[in-house]
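Notes follow the structure.
In the numbering used here, the protein residues as written are 13 to 237.
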């Protein structure tokens, strides 16, 4: 998880209604979280009593073998559990508010994207092949901020440039299939940070990339933090 600090402009444009976290207090706190899934008439206990705190400016790594529940756990932080999954017990506090009480998409949209964003493992499943790269970043900006039209487009240019994509004006109009794997991952990162989230969850963002590109993406995330 990577904390991404807002610029002054982006703070002004934020629609967030969450209070600021006091000095020395965790921005995100998980307490004894238990997640289960309904599966073939039984219940699968996927996450068992997980607790952690994330503080402002901190990078936190969650390590475990495939199938250990890392992705399930992080998806629960933004309300993206599969329909057969549910939080049985425990608490997730973000900026002092218990978000495990959220039940509707409208409630989760207060957090998802603008407060906590996520970079998925495979950039091709995160991007719409029928929409231009720029329009997808702009859509995220318009959804979570007050910016529209030319202002939103200019900010999309900025984020493409921030993630190391040359000639952002031309690239804005191109489609995912015109980008390499590493560039697509950069676009996914640009889309995730477009609303200046307080927390950025990275779910193995370099898995599908070669070693050289992996190093570039990790360096990029470090700089953005």
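Each residue gets a CB set at the ideal place from its N, CA and C atoms; glycine is no exception.
This structure is a prediction, so every number in the text was calculated from the model and none was measured.
Do residue j and residue i count as a contact pair if the criterion is CB distance below 8 Å?
| i | j | result |
| --- | --- | --- |
| residue 109 | residue 210 | no |
| residue 88 | residue 99 | yes |
| residue 129 | residue 47 | no |
| residue 203 | residue 152 | yes |
| residue 141 | residue 187 | yes |
| residue 139 | residue 148 | yes |
| residue 197 | residue 229 | yes |
| residue 131 | residue 201 | yes |
| residue 57 | residue 96 | no |
| residue 164 | residue 143 | no |
| residue 90 | residue 122 | no |
| residue 44 | residue 101 | yes |
| residue 181 | residue 191 | no |
Going by C-alpha distance, which of the options is nearest residue i?
| i | options | result |
| --- | --- | --- |
| residue 174 | 231, 186 and 189 | 231 |
| residue 237 | 81, 112, 142 and 67 | 67 |
| residue 60 | 103, 70 and 234 | 103 |
| residue 222 | 90, 193, 157 and 39 | 193 |
| residue 260 | 93, 217 and 42 | Here the chain has residues from 13 to 237 only, and residue 260 is not among them. |
| residue 154 | 185, 208, 178 and 114 | 208 |
| residue 166 | 90, 214 and 184 | 184 |
| residue 120 | 92, 72 and 176 | 92 |
| residue 234 | 157, 212 and 224 | 212 |
| residue 40 | 65, 164 and 53 | 65 |
| residue 36 | 123, 160, 215 and 69 | 69 |
| residue 219 | 179, 53 and 78 | 78 |
| residue 156 | 72, 177 and 118 | 118 |
| residue 71 | 38, 55 and 54 | 38 |
Could you have a look at residue i and say whether DSSP puts it in helix, strand or coil?
| i | result |
| --- | --- |
| residue 173 | helix |
| residue 205 | helix |
| residue 51 | strand |
| residue 160 | coil |
| residue 184 | helix |
| residue 84 | helix |
| residue 23 | At residue 23 the pLDDT is 40, less than 50, meaning the model places this residue with poor confidence and gives no usable figure here. |
| residue 17 | Only weak support is given to the placement of residue 17: the predicted model assigns it a pLDDT of 43, under 50, and the value that follows is read from those uncertain coordinates. Coil. |
| residue 167 | helix |
| residue 66 | strand |
| residue 28 | Low local confidence applies: a pLDDT of 49 at residue 28 is under 50, so the model's placement there is unreliable, with the coordinate-based value given in what follows. If DSSP states are grouped into helix, strand and coil, residue 28 belongs with coil. |
| residue 155 | helix |
| residue 73 | coil |
| residue 217 | coil |
| residue 61 | strand |
| residue 235 | helix |
| residue 225 | helix |
Q. Going along the chain, which unbroken runs of the alpha helix (DSSP H) with 4 or more residues stay wholly within the region 80-151?
A. Counting whole runs of 4 or more residues, the region 80-151 contains the alpha helix (DSSP H) stretches 82-88, 117-120 and 135-138.
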